[in-house]
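J.: Starting off with a structure, shown below.
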Amino acid sequence: MKMQALTSRQILDRLVSFPTVSRDSNLALVDWTQDYLESHGIRCFRHWNEDRQKAALIAHAGPWEAGAVVLSGHSDVVPVDGQAWTADPWTVTERDGRLYGRGTCDMKGFVALAVWALVQAQLRGVTRPLQLALSYDEEIGCTGAPPMIRTMQEVVPTGSAAIIGEPSRMGVITGHKGGSGFHVHVKGYEVHSSLLPYGVSAIMEGARLIDWLNQVNAEIQARPPTPQAAPFHPPFTTFHTGMIQGGTAHNITAADCRFAVEMRVVPGESIPDWEDRFVAKAREIEAAMQRVRPEAAISLDKFFGVPALVPERDGEAEALARRLTGNNRTGVVSYGTEAGQFQEAGYSAVVCGPGDIAQAHQPDEYLELSEWQAGQRFMERLLETLL
C-alpha cells in the first residue's frame, strides 16, 4: 500500500523517534524506512549483521542502470546515558532556531533529507539513478559500511559519486585522516612489591608501550609536515591512549592492565605500516616480560580500522557537491568517516552534510534550522541535476 509522501521534517521526526543506539538493534528504523520507500516503488535490499539484530539498508530510485549518485548515512547514534538533556532526546524539539534531539545533527538530519530525495526522485522520474546507503555500527568504528558496500555492488547497479552526509556545515570535505585502534591487555605476574624483580607488573609494562607512543608522537611532530598532511589540524599522524585500568593493590605487582590505543593517520601514510610498528613494539616488550615469567603476555585486539579519504584530482563527487552547494572551497577534517571506505571500494567520494560536528554526541544535540534548510536546498538542486 502506497504511503503518503512525507515532508523531510516529518521523516526526521520518525527517524529520531527510533532509539538506535549502537549497542541496540536498528531494525525498527530500517523496517519503517524500507516500508516507506517500497510503498513508492523504490527497490530495497538489506545486508544483515551476524546475529541479524541489525541491518544496513540499500535503496535504488530511478532507472536500473549504473552511475547513480549515492547518498550515504548511518542509522546508529551514541547513548544518552548520563547526559543532562532538557527535553526528550527521542523527540525532535524545535526552539530558538534549532532542532533538538539525538541524531538530528549526527546524522539523521541528512538521512531524513536523503530518504525524502529518493521518494521525490521516483515521483519526478529522474533519468539518472539515486541510491541510499544506510549503514549500522558507524559509531563504534565504521565497521558496518564495508560489508554493506560489498553487498551494494552485488544487488544494485554500481554507483558513481558518493556523498557521505556527516555534519560539515554543508562544506565540501575532500579529505580526512584514516584511523585504527587496538584494545590492549597486558597480563603480568603478581608478587609482593618488595620482590619486584621476580614478578611482572602489567601496569609498568603497559606504561612502556604507552611511553613509546609518546616518543613516536614527539618524533612525528618534530618533522616538517608533508604536503598531503599540511592542510590538517594537526598536520601529522597522532597516537593516543585515553583510558587505562589495572592492578589490585599498591604493594602488589599488577596482574592485569587494560587500555586502548588509537591512531589517526594522515593521507599519504600507510595505516598497516603504523600498525606493524606498534605490534612489533608490543612483541618486543612482551618478550622481555616472558624472560622473567613465561606466563606474561600482551594481547592486541584490533577494534576498528578506517581508511583515509584522499583528495581526488578532478573528482566527480567533489565537482557535484561544489555545484550543488555553490561553494568553490574545499576542506579536510581530522576525524574519520565512511567516505574513505567508499573511496577504497572505487567510488568518487566527499563528505557534505548539514550540522556542526561540535554538536555531535552532546547532550541537547541540535541541528541549526539554517543548516537544515541548506540541506533541503542541496537535495532540491540534486534532484534537478538528475532529471
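The sequence shown: position 256 = 375 (the numbering used here), numbered continuously. Cβ atoms here follow ideal geometry from the backbone N, Cα and C, with glycine treated the same way. These figures come from a predicted structure and were not determined experimentally.
For Ala109, which residues of its own chain have a beta-carbon under 6 Å away from its beta-carbon, when the five flanking residues on both sides are left out?
T.: The question about residue 109 has no answer here: the residues shown for the chain are numbered 120 through 506.
J.: Taking Gly297 as part of the beta strand (DSSP E), name the residues at either end of that continuous run.
T.: Numbered from its first residue, the sequence shown carries residue 297 at position 178. Where Gly297 is concerned, the enclosing beta strand (DSSP E) stretches over Gly297 to Lys306.
J.: Please state whether DSSP places Glu213 in a helix, a strand or coil.
T.: Taking the sequence shown and counting its residues from 1, one reaches residue 213 at position 94. If DSSP states are grouped into helix, strand and coil, Glu213 belongs with the strands.
J.: Taking the alpha-carbon positions, what's the Tyr454 to Arg171 distance?
T.: Counting from one through the sequence shown, the residue named residue 454 turns up at place 335. Counting from one through the sequence shown, the residue named residue 171 turns up at place 52. Cα-Cα distance, rounded: 29 Å.
J.: Of the residues Thr357, Gly220, Trp393 and Gly216, which one's Cα is nearest the Cα of Ser489?
T.: The residue you call residue 489 lines up with position 370 of the sequence shown. Selected option, being the one with the closest Cα: Gly216.
J.: Skipping 5 residues on each side, what residues in its chain have a beta carbon closer than 6 Å to that of Arg412?
T.: As a first step, residue 412 must be located in the sequence shown, where it is residue number 293. Result list for Arg412: Tyr308 and Val319, in chain order.
J.: So what's Gln481 in DSSP terms, helix, strand or just coil?
T.: Within the sequence shown, numbered from 1, the residue matching residue 481 stands at position 362. Looking at Gln481 - three-state DSSP - the assignment turns out to be coil, as it is neither helix nor strand.
J.: Which residue wins for smallest C-alpha separation from Glu487, given the options Val274, Gln129, Gly228 and Gly465?
T.: Reading the sequence shown from its first residue, position 368 is the one you call residue 487. For Glu487, the nearest C-alpha among the options comes from Gly228.
J.: Could you tell me the alpha carbon to alpha carbon distance between Asp330 and Tyr485, rounded to whole angstroms?
T.: Counted from its first residue, the sequence shown places residue 330 at position 211. Counted from its first residue, the sequence shown places residue 485 at position 366. So the alpha carbons of these two residues sit roughly 39 Å apart.
J.: What's the gap between the Cα of Thr210 and the Cα of Gly260?
T.: Taking the sequence shown and counting its residues from 1, one reaches residue 210 at position 91. Taking the sequence shown and counting its residues from 1, one reaches residue 260 at position 141. C-alpha separation (whole angstroms): 26 Å.
J.: Would you report the Cα separation of Ala206 and Pro482, rounded to the nearest angstrom?
T.: Counting from 1 along the sequence shown, the entry for residue 206 is found at position 87. Counting from 1 along the sequence shown, the entry for residue 482 is found at position 363. One C-alpha to the other measures close to 10 Å.
J.: Since Glu403 and Ser299 are thought to touch, with beta carbons under 8 Å apart, how far apart are those beta carbons, to the nearest angstrom?
T.: Counting from 1 along the sequence shown, the entry for residue 403 is found at position 284. Counting from 1 along the sequence shown, the entry for residue 299 is found at position 180. Incorrect: roughly 19 Å between the Cβ atoms, too far for contact.
J.: Assuming Trp183 is part of the beta strand (DSSP E), what are its boundary residues?
T.: What you label residue 183 is simply residue 64 of the sequence shown in a count that begins at 1. It is not in any beta strand (DSSP E) - Trp183 carries neither H nor E in the DSSP assignment.
J.: What residue from Lys121, Pro316 and Phe397 has the CA that sits closest to Val238's CA?
T.: Within the sequence shown, numbered from 1, the residue matching residue 238 stands at position 119. Nearest of Lys121, Pro316 and Phe397 to Val238, Cα basis: Lys121.
J.: To the nearest angstrom, report how far apart Ala373 and Gly294 are at their CA atoms.
T.: Counting from one through the sequence shown, the residue named residue 373 turns up at place 254. Counting from one through the sequence shown, the residue named residue 294 turns up at place 175. About 42 Å.
J.: For the putative contact between Phe460 and Ala264, defined by C-beta atoms under 8 Å, what is the C-beta separation to the nearest angstrom?
T.: Numbered from 1 along the sequence shown, position 341 holds the residue referred to as residue 460. Numbered from 1 along the sequence shown, position 145 holds the residue referred to as residue 264. Note on identity: in this sequence residue 460 is Gln, with Phe being the wrong assignment. Indeed they touch by this definition, with Cβ atoms about 5 Å apart.
J.: Which value, in whole angstroms, describes the spacing of the CA atoms of Glu258 and Asn145?
T.: On the sequence shown, residue 258 is found 139 positions in, with the first residue counted as 1. On the sequence shown, residue 145 is found 26 positions in, with the first residue counted as 1. Their backbone Cα atoms lie some 13 Å apart in a straight line.
J.: So which of Glu285, Leu249, Thr246 and Asp132 has the shortest CA-CA distance to Gln478?
T.: Here the question's residue 478 lines up with position 359 in the sequence shown. For the residues Glu285, Leu249, Thr246 and Asp132, the minimum Cα distance to Gln478 belongs to Glu285.
J.: Compare the beta carbon distance of Leu328 and Ile417 with 9 Å and say whether it is the shorter of the two.
T.: Translated into positions along the sequence shown, residue 328 becomes position 209. Translated into positions along the sequence shown, residue 417 becomes position 298. Contact flag set, yes.
J.: So the beta strand (DSSP E) Gln250 belongs to, where does it begin and stop?
T.: Locating residue 250 in the sequence shown gives position 131, counting from the first residue. Leu249 to Ser254 is the extent of the beta strand (DSSP E) around Gln250.
J.: How would you call Thr345, buried or exposed, if buried means at least 16 neighbouring beta carbons within 10 angstroms?
T.: Counting from 1 along the sequence shown, the entry for residue 345 is found at position 226. So Thr345 counts as exposed.
J.: Select from Gly450, Val303 and Trp491 the residue whose C-alpha is nearest the C-alpha of Lys400.
T.: Working through the sequence shown from its first residue, we reach residue 400 at position 281. Nearest option by C-alpha distance: Val303.
J.: Within 8 Å, do at least three Cβ pairs link the segment 353-370 to the segment 426-434?
T.: Counting Cβ pairs under 8 Å, fewer than three are found: no touch.
J.: Is Ala438 helix, strand or coil by DSSP?
T.: Counting from one through the sequence shown, the residue named residue 438 turns up at place 319. Here Ala438 sits in helix by DSSP.
J.: Hey, out of Val245, Pro386, Thr223 and Leu125, whose CA is closest to Pro350's CA?
T.: Sequence index remark: in the sequence shown, residue 350 carries index 231 (1-based). The candidate whose alpha carbon is nearest that of Pro350 is Pro386.
J.: Check whether the segment 190-208 and the segment 134-153 are in contact - that is, three or more C-beta pairs closer than 8 Å.
T.: Yes: at least three Cβ pairs fall under 8 Å.
J.: Can you list, in chain order, the residues of its chain whose CB lies under 6 Å from that of Gly222, leaving out five sequence neighbours each side?
T.: Translated into the one-based positions of the sequence shown, residue 222 becomes position 103. The answer, listed in chain order, is Val135 and Val196.
J.: Look at the alpha carbon of Ala321 and the alpha carbon of Thr367, and state the distance between them as a whole number of angstroms.
T.: In the sequence shown, residue 321 corresponds to position 202, counting from 1. In the sequence shown, residue 367 corresponds to position 248, counting from 1. Going from the Cα of Ala321 to the Cα of Thr367 covers about 11 Å.
J.: Just the C-alpha distance for Pro276 and Ala337, rounded to the nearest angstrom, thanks.
T.: Here residue 276 corresponds to residue number 157 of the sequence shown, with the count starting at 1. Here residue 337 corresponds to residue number 218 of the sequence shown, with the count starting at 1. Going by the C-alpha atoms only, they are around 47 Å apart.
J.: To the nearest angstrom, how far is it from the Cα of Glu169 to the Cα of Pro266?
T.: What you label residue 169 is simply residue 50 of the sequence shown in a count that begins at 1. What you label residue 266 is simply residue 147 of the sequence shown in a count that begins at 1. Spanning the two alpha carbons is a distance of roughly 11 Å.
J.: For the beta strand (DSSP E) that Ala280 lies in, which residues bound it at each end?
T.: What you label residue 280 is simply residue 161 of the sequence shown in a count that begins at 1. Start and end: Ala280 to Ile283.
J.: Enumerate in chain order the residues of its own chain whose CB-to-CB distance from Pro208 is below 7 Å, with the five nearest sequence positions on each side excluded.
T.: Within the sequence shown, the letter at position 89 stands for residue 208. These residues qualify, in order along the chain: Val199, Gly220 and Arg221.
J.: According to DSSP, is Gly450 helix, strand or coil?
T.: As a working mapping, residue 450 is identified with position 331 in the sequence shown. Strand at Gly450.
J.: Where do the N-terminal and C-terminal ends of the beta strand (DSSP E) with Ser467 fall, by residue?
T.: Within the sequence shown, residue 467 is the residue found at index 348, counting from 1. Ser467 to Val470 is the span of the beta strand (DSSP E), which, as asked, contains Ser467.
J.: Check Asp420 in the structure and name its three-state DSSP category.
T.: Residue numbering aside, residue 420 sits at position 301 when the sequence shown is read from its first letter. Strand at Asp420.
J.: Look up Cys163 in the DSSP assignment and give the residues it is bridged to.
T.: Position 44 of the sequence shown, counted from the start, is the residue given in the question as residue 163. DSSP output for Cys163 lists Ala178 as bridge partner(s).
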